[in-house]
Structures are given as structure tokens and as C-alpha cells.
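Just so we're aligned: the sequence shown equals residues 6 to 601 in this note's numbering. C-beta atoms are modelled at their ideal positions from N, C-alpha and C, and glycine is treated no differently.
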Amino acid sequence: MIAPVLQHYRNLFAQALSQALPAPLAEVEKLLKPAEEVHGDFTLPMFSWAKHAKKNPAQLAAQIAPLLHIEGLQVHAQGPYVNARLLPMPFAAEVLRATRLEGAAYGCGTSGAGKTVVIDFSSPNIAKPIAFHHIRSTVIGNALANLHRAQGWNVVGINYLGDWGKQFGLVAAGFALFGDETQKHNMRHLVDVYVKANAKAEKEPAFDEKARAFFARMEAGEAAALALWREFREASLVDFRALYARLGIHFEAYEGESFYQGKMEGVIEDISHSLGTCTSQGALIVNLPYADGEPPILLKKNDGSTLYATRDLAAAVDRFERFAFDKSLYVVAADQALHFRQVFSVLEKMGKPWATRLAHVAFGRVHGMSTRKGQLHLLSEVLDEAQARALEKVRDNMAQGKIHSEAPEALAEQIGLGAIVFGDLKNRRSTDYVFDWEEVLSFEGHTGVYVQYAYARASAILKKAVNPSGCPPNQPSPSGHPSPPSLEGPYPLEDACAEELRLPEEQSLLRWVAKLPELVQEAVEQNEPSFIARWLLDGAAAFSRWYTLGNQDRSKRVLVEDNPRLRCARLALVEAVRTALGAGLRLLGIAAPQNM
Ligand code: ARG
6 MIAPVLQHYR NLFAQALSQA LPAPLAEVEK LLKPAEEVHG DFTLPMFSWA
56 KHAKKNPAQL AAQIAPLLHI EGLQVHAQGP YVNARLLPMP FAAEVLRATR
106 LEGAAYGCGT SGAGKTVVID FSSPNIAKPI AFHHIRSTVI GNALANLHRA
156 QGWNVVGINY LGDWGKQFGL VAAGFALFGD ETQKHNMRHL VDVYVKANAK
206 AEKEPAFDEK ARAFFARMEA GEAAALALWR EFREASLVDF RALYARLGIH
256 FEAYEGESFY QGKMEGVIED ISHSLGTCTS QGALIVNLPY ADGEPPILLK
306 KNDGSTLYAT RDLAAAVDRF ERFAFDKSLY VVAADQALHF RQVFSVLEKM
356 GKPWATRLAH VAFGRVHGMS TRKGQLHLLS EVLDEAQARA LEKVRDNMAQ
406 GKIHSEAPEA LAEQIGLGAI VFGDLKNRRS TDYVFDWEEV LSFEGHTGVY
456 VQYAYARASA ILKKAVNPSG CPPNQPSPSG HPSPPSLEGP YPLEDACAEE
506 LRLPEEQSLL RWVAKLPELV QEAVEQNEPS FIARWLLDGA AAFSRWYTLG
556 NQDRSKRVLV EDNPRLRCAR LALVEAVRTA LGAGLRLLGI AAPQNM
């Protein structure tokens with residue numbers, strides 16, 4: 006792997022500054038920032054050193070700047086700052102080379118090599134309607150898993166299914182009344198039964214008691230109750246697995262709450278020895294000084310059954326024992342912040358040194374997500390609806406001649422799923438957002454399809470250049486991602502060719518491409534896939550600005566006619582942009598269609 010280009014220059018600049026000032030490298034690195042475009046690429050404020058040297062910061066900057074001679078960078082003082090701007094060369098050549106060499110792996114790094122992260126995500130509740138937070142957890146968690154993998158982490162993705170609890174009692178009791186024996190393995194039907202049973206239980210305490218009693222039989226390990234539970238669970242899992250396959254999501258393990266049945270005594274005992282437990286109104290609670298109004302941490306209810314917190318405590322201990330993780334992330338709605346704060350703090354107070362490695366990756370709410378049929382029950386319904394709506398858009402756009410597709414239905418699936426995923430990930434995860442079908446499926450807005458369209462345009466330009474006769478292109482792989490371009494590409498990458506890229510639009514596109522490796526690292530550090538999504542939008546916009554310049558001015562066409570060197574350079578830039586867009590989409594878990 007080649008050192009990321011931007012980081013390479015940043016390091017050179019930091020080293021030169023640290024020698025010239027002189028100052029410890031770490032100090033310089035901490036203060037060295039990306040510059041605003043008018044000022045260059047990197048900037049270092051002189052204030053803290055000027056104070057030490059009892060100088061005016063502008064004076065110090067003016068004194069330091071001329072001392073710095075770094076190949077490929079132009080250094081200048083501006084007020085109290087020392088700024089550096091990348092020279093067009095060899096920067097351009099290096100970016101083009103890096104994307105071509107790394108291909109589909111462009112943007113990857115090694116900051117996680119040798120480390121393990123456990124990511125608890127998606128974690129829907131079996132036999133219960135899906136909720137907005139399962140969708141968010143699924144797409145955010147998957148993106149985080151991809152991002153960590155791209156940084157060399159060993160990722161253990163765990164689907165901590167909500168597969169234990171009273172809801173099975175409700176489905177079982179409800180099935181006797183509303184169930185259809187022939188539909189026993191149909192998840193949609195089970196969810197309907199659950200919804201009806203739940204409503205009934207709210208009105209009729211006797212029915213509620215039946216459900217509770219069924220769950221108590223499960224907890225007591227009664228074979229018949231467990232057999233029925235297993236059937237319901239299996240039916241849901243078949244459905245979930247199909248859904249994850251559709252989204253291209255993979256889990257290292259499906260270990261739900263039921264996995265910890267019978268494995269909780271150990272942790273309860275451990276707590277009673279370290280922190281102590283006590284009983285409150287018949288329930289077993291962790292003996293802690295609770296803040297005013299803070300609910301106590303329940304380990305067992307008065308009927309002896311365990312709780313969500315008990316299971317999460319047992320799961321955390323078990324995961325550390327098995328995976329010795331360096332980080333363990335819980336991608337769960339912000340609504341559960343108190344739960345995780347309490348679980349983490351119990352583990353810390355129990356003296357688990359690894360408790361500080363646990364993090365709740367919280368996210369906000371989605372409002373307004375529903376389907377034409379009304380209220381949303383299954384995640385697959387949202388995906389079906391996305392596909393159907395995307396198909397309408399695809400057909401419209403085809404009729405208007407804006408896009409072309411041999412396989413509109415497959416394209417609509419890629420666009421529809423991309424719309425949902427991107428519509429979520431473009432938001433900072435902590436913010437709430439309002440879901441709007443028109444908005445997420447717009448070809449012009451801040452959407453997945455806008456980025457996919459840019460990717461397809463880049464592919465089309467390359468295809469046209471290589472294959473002006475219009476022969477069929479190479480088939481894309483099933484994931485929609487092409488294999489990395491071969492080194493013997495049709496447009497050679499000699500440095501002299503990269504030198505031709507002199508338009509400001511070309512310079513900024515190169516900078517955009519170069520940003521990905523650093524951004525992936527930042528996204529991992531902050532568990533924030535939106536960094537990649539926003540970057541994709543910037544790139545798609547910059548790319549379309551650039552490749553449409555030729556509509557006004559023939560000399561700015563990508564496939565410029567009378568200058569083979571320039572044409573070759575521009576094609577190489579298209580290829581780099583395409584590689585970068587493809588890499589970004591893949592990290593977010595979104596397909597990159599070659600044709601549309
Ligand atoms: N099944 C839970 C819910 O739907 C989410 C589980 C999150 N993970 C965890 N370890 N608690 O609310």
C-alpha cells in the first residue's frame with residue numbers, strides 16, 4: 006500500500022516546520038490544519054510559538070516560511086500563518102497513480118491492523134414489527150463495519166437479535182386466536198398476530214397474563230414452549246437473512262438475547278461480590294448510589310426472570326472473553342443512552358479494565374417513514390417500496406432519454422436501496438431527520454442516486470473512450486462493483502500526462518480524490534459514516550461541473566479532440582474519480598451501477 010498522498014505532504018510539511026521552528030513534531034502536528042482553499046492546502050498558526058519567542062506571530066511566520074523548501078509544496082507566510090499549497094506536480098501524478106494501483110482498495114489503510122472491534126448492530130426484535138431504529142442501526146452499523154475493515158480492523162459484526170422476551174408469549178397466545186396454521190412460517194403473518202395480540206393484551210389483563218405465563222414457561226425451559234419459540238424464531242430469521250443478503254450485509258454472528266439464557270448467573274454472582282446487590286420491591290438490583298430520579302439497574306424481576314440489562318452485562322463479559330476486543334461498539338438509538346451508561350458503569354465499577362473500550366454509538370430518530378400501504382411492519386416492505394418507487398423514476402428518466410438501462414428492475418433495486426441507505430448516512434448520526442420518499446429518490450438532490458449517476462457517467466466516459474464502436478462493455482460483478490482497472494489501462498499514466506491537468510476544476514477534483522484515505526480514518530475514529538457520504542456528494546457535484554464544462558467550451562471537453570496528451574490526462578482523472586466514487590459507495594454499502 007502506498008502512503009496516502011495528502012498525508013505524505015502533510016508529514017513533510019510538519020517535519021520541515023518542526024525543524025525550522027524548532028518545535029516537537031507532535032506539537033506541530035496537533036496544530037497543523039487543512040487550509041481554506043484560498044490559502045492553500047495546509048496551515049499552521051504561529052501564535053503559541055510567537056509567544057514563547059516573544060515575537061509577533063506575523064513576524065515569526067515571515068521568518069519561518071522562507072526556510073522551508075519542500076518538493077511539491079509552495080510555502081508562504083500569510084499574516085500569523087505559515088501556509089503550504091500543493092504544486093500541481095507531482096501531486097496530480099501521484100493521485101492518479103495511487104487510485105490506479107489501489108483500485109477497489111483505494112482509501113484503505115492499516116490503522117486498525119492487529120486490532121479487533123466488536124460491532125453490535127441491526128439487532129431487530131423477532132416476531133415484532135420493525136422500528137425506525139432497526140433501519141438506522143442496520144445501515145450505520147454496516148457502514149462502520151466496512152470502514153473498520155478498510156482500516157485493517159478485525160471486525161466481529163454481531164446481530165444481537167431481540168429473540169427472548171414476552172413478545173413470544175404474545176405471539177403464542179395470539180396464535181391460538183388469530184393464527185393461521187398454514188402461515189406459521191410467514192413472518193408477516195406472525196407480526197400481524199403480534200400486533201393483534203398486543204392490542205388485546207392492553208385491554209384484557211387475563212390475556213396479558215397468558216402471554217406472561219407462556220414466557221415464564223420458556224424461561225423455565227419447558228420443551229413445548231421452547232419448540233414453538235424456535236419455530237417462530239426460525240421463520241423470522243429466514244426473512245431477516247434474505248433482507249441482509251439483499252442489502253449485502255454480513256454478520257460474523259447471530260447471537261441474540263436468548264444466547265445468554267442460563268449464562269447470567271456468573272455475572273450476577275460477580276456483581277454481588279464486587280459491587281453488591283440488594284432487593285428492592287422483590288427485585289434484585291445492583292447496589293449503587295443512584296442519582297435522584299435514576300431508575301435502579303434491575304438484574305432480576307420479582308418472579309426471578311432476567312432483564313435486558315442483565316443480558317447485556319453477560320454479553321459484554323462473554324464478548325471480551327471470546328474476542329479480547331480493543332473496541333466494542335453498540336450501534337443503538339440514542340433513546341437507550343441511559344441503559345448503556347448504566348451497563349458500562351457497572352462493568353467499570355466491577356473492575357473490568359476493558360470497560361472503557363465499550364462505546365454506545367448513538368443515533369437520532371427518523372420521522373415519517375411509512376409505506377403507501379401505511380404503517381411499516383417489516384423492513385423488507387420499505388425495501389420493496391424503495392424498489393417500486395425507484396422503478397417509476399427509472400422509467401420516467403428513460404422515457405425522457407436521461408438515462409438508459411438494459412435491466413431497469415435491477416437498476417431500480419440498486420437505486421432504491423441506495424436511496425434508503427444514503428438518505429440515512431448523509432445525516433450526522435446524532436441528528437433526527439424526516440424521511441421523505443421524493444427527497445431520497447431525487448436524481449438532483451443530495452442523494453444516493455445522484456452519486457450513483459456520477460459513477461455511471463464516469464464509467465460511460467471511459468467506455469466510450471476505450472470502445473468508441475459501442476461494443477458491449479465488461480459485465481459488472483454481481484455486487485455492481487467493477488474489478489480494479491488493470492495497470493495496462495488504455496491511458497498511460499506518465500507524469501507528463503498528469504501535468505496537463507491545469508484547470509482549477511481539475512485541481513480541485515484531484516484534491517477531492519486525495520482526501521478519501523484521511524476521511525476513512527476520521528470516520529472510523531468518530532464512528533461517523535456521514536463524513537464519507539458528504540464527501541461523495543462534493544465529489545459528484547465537482548465531477549459533473551467539470552465534465553459539463555465542455556458543453557460551453559470544446560477545449561474543456563474530457564474527450565478533447567486535438568490534444569492526445571490532454572485527453573489521456575483527463576481520462577485518467579475520470580478513472581481516478583470513478584475509483585474514488587466506487588470506493589466511497591462501497592464503504593457505505595451502496596451499489597455502484599456502471600450503466601444508467
Ligand atoms: N433489540 C434491541 C431493540 O430493538 C436492540 C439491541 C441493541 N443491542 C444491545 N446489545 N442492547 O431495542
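Does the distance from the C-beta atom of residue i to that of residue j stay below 7 angstroms?
{"i": "alanine 82", "j": "alanine 67", "result": "yes"}
{"i": "arginine 370", "j": "aspartate 437", "result": "yes"}
{"i": "valine 160", "j": "alanine 150", "result": "yes"}
{"i": "methionine 374", "j": "phenylalanine 440", "result": "yes"}
{"i": "valine 123", "j": "arginine 324", "result": "yes"}
{"i": "glutamine 347", "j": "isoleucine 302", "result": "yes"}
{"i": "serine 241", "j": "isoleucine 140", "result": "no"}
{"i": "asparagine 164", "j": "glycine 594", "result": "no"}
{"i": "leucine 289", "j": "leucine 304", "result": "yes"}
{"i": "phenylalanine 18", "j": "phenylalanine 47", "result": "yes"}
{"i": "valine 10", "j": "alanine 519", "result": "yes"}
Should residue i be listed as close to the ligand ARG, given that the test is whether its C-beta is under 6 angstroms from any heavy atom?
{"i": "asparagine 130", "result": "yes"}
{"i": "glycine 369", "result": "no"}
{"i": "tyrosine 165", "result": "yes"}
{"i": "tyrosine 335", "result": "yes"}
{"i": "aspartate 389", "result": "no"}
{"i": "aspartate 614", "result": "A question about residue 614 goes unanswered here, because the residues of the chain that appear run from 6 up to 601."}
{"i": "aspartate 340", "result": "no"}
{"i": "aspartate 437", "result": "no"}
{"i": "aspartate 125", "result": "yes"}
Locate the beta strand (DSSP E) running through residue i, then write down its first and last residues.
{"i": "leucine 303", "result": "303-305"}
{"i": "leucine 124", "result": "Here residue 124 turns out to be isoleucine, not leucine, going by the sequence shown. Counting along the chain, the beta strand (DSSP E) containing isoleucine 124 begins and ends at 121-125."}
{"i": "glycine 162", "result": "159-164"}
{"i": "threonine 311", "result": "From DSSP, threonine 311 is part of no beta strand (DSSP E); its letter is neither H nor E."}
{"i": "cysteine 573", "result": "No beta strand (DSSP E) contains cysteine 573, which is instead part of the alpha helix (DSSP H) from 569-593."}
{"i": "alanine 364", "result": "363-368"}
{"i": "isoleucine 145", "result": "Taken as a continuous stretch (DSSP letters only), isoleucine 145 belongs to no beta strand (DSSP E), being part of the alpha helix (DSSP H) at 137-155."}
{"i": "tyrosine 295", "result": "It is not in any beta strand (DSSP E) - tyrosine 295 carries neither H nor E in the DSSP assignment."}
{"i": "glutamine 83", "result": "78-83"}
{"i": "asparagine 88", "result": "86-91"}
{"i": "alanine 338", "result": "332-338"}
{"i": "serine 285", "result": "282-285"}
Whose CA, out of the options, lies closest to the CA of residue i?
{"i": "alanine 459", "options": "Ala519, Gly589 and Ala338", "result": "Gly589"}
{"i": "leucine 576", "options": "Phe183, Ala463 and Ala28", "result": "Ala463"}
{"i": "alanine 225", "options": "Ala211, Glu207 and Ser310", "result": "Ser310"}
{"i": "leucine 521", "options": "Leu541, Glu530 and Arg507", "result": "Leu541"}
{"i": "valine 43", "options": "Ala89, Lys35 and Gln20", "result": "Ala89"}
{"i": "arginine 362", "options": "Arg394, Leu388, Val322 and Glu386", "result": "Val322"}
{"i": "alanine 177", "options": "Leu166, Arg154 and Ala202", "result": "Ala202"}
{"i": "glycine 112", "options": "His74, Ala98, Leu73 and Leu152", "result": "Leu152"}
{"i": "serine 333", "options": "Gln64, Gln24, Asp125 and Lys306", "result": "Asp125"}
{"i": "aspartate 197", "options": "Leu182, Leu65, Trp54 and Pro210", "result": "Leu182"}
{"i": "alanine 31", "options": "Arg15, Arg562 and Gly45", "result": "Arg15"}
{"i": "aspartate 244", "options": "His194, Glu257, Ser23 and Ser435", "result": "His194"}
{"i": "leucine 293", "options": "Thr282, Ala417 and Gln188", "result": "Thr282"}
{"i": "alanine 415", "options": "Ala596, Ser127, Glu270 and Ser23", "result": "Ala596"}
{"i": "glycine 267", "options": "Ala319, Ser285 and Pro71", "result": "Ala319"}
{"i": "isoleucine 75", "options": "Leu92, Trp359, Gln457 and Ser549", "result": "Leu92"}
{"i": "glutamate 260", "options": "Arg327, Lys205, Leu280 and Arg217", "result": "Arg327"}
Kindly indicate the opening and closing residues of the alpha helix (DSSP H) around residue i.
{"i": "tyrosine 1", "result": "Only positions 6 to 601 of the chain appear in this structure, which leaves residue 1 out of reach."}
{"i": "serine 513", "result": "509-531"}
{"i": "serine 464", "result": "453-471"}
{"i": "leucine 381", "result": "Premise fails: leucine 381 is in no alpha helix (DSSP H) and is neither H nor E."}
Distance cutoff 7 angstroms, beta carbons only. Does residue i sit that close to anything in chain B?
{"i": "lysine 35", "result": "Annotation note: the requested chain B is absent from the structure, which comprises a single protein chain."}
### Task
Report yes or no: do the segment 233-240 and the segment 164-177 share at least 3 C-beta pairs separated by less than 8 angstroms?
Cβ pair count under 8 angstroms is three or more, so yes.
### Message
For the segment 577-593 against the segment 101-116, do three or more pairs of beta-carbon atoms, one drawn from each stretch, fall closer than 8 angstroms, so that the two count as touching?
### Response
Touching, per the Cβ criterion.
### Task
Determine contact between the segment 392-404 and the segment 442-454, defined as no fewer than three beta-carbon pairs at a distance below 8 angstroms.
Cβ pair count under 8 angstroms is three or more, so yes.
### Query
Would the segment 549-558 and the segment 499-518 be scored as touching if the rule is three or more Cβ pairs under 8 angstroms?
With the cut-off at 8 angstroms, the segment 549-558 and the segment 499-518 touch.
### Segment contact, 8 angstroms Cβ cut-off, at least three pairs: the segment 465-472 with the segment 557-567
Touching, yes.
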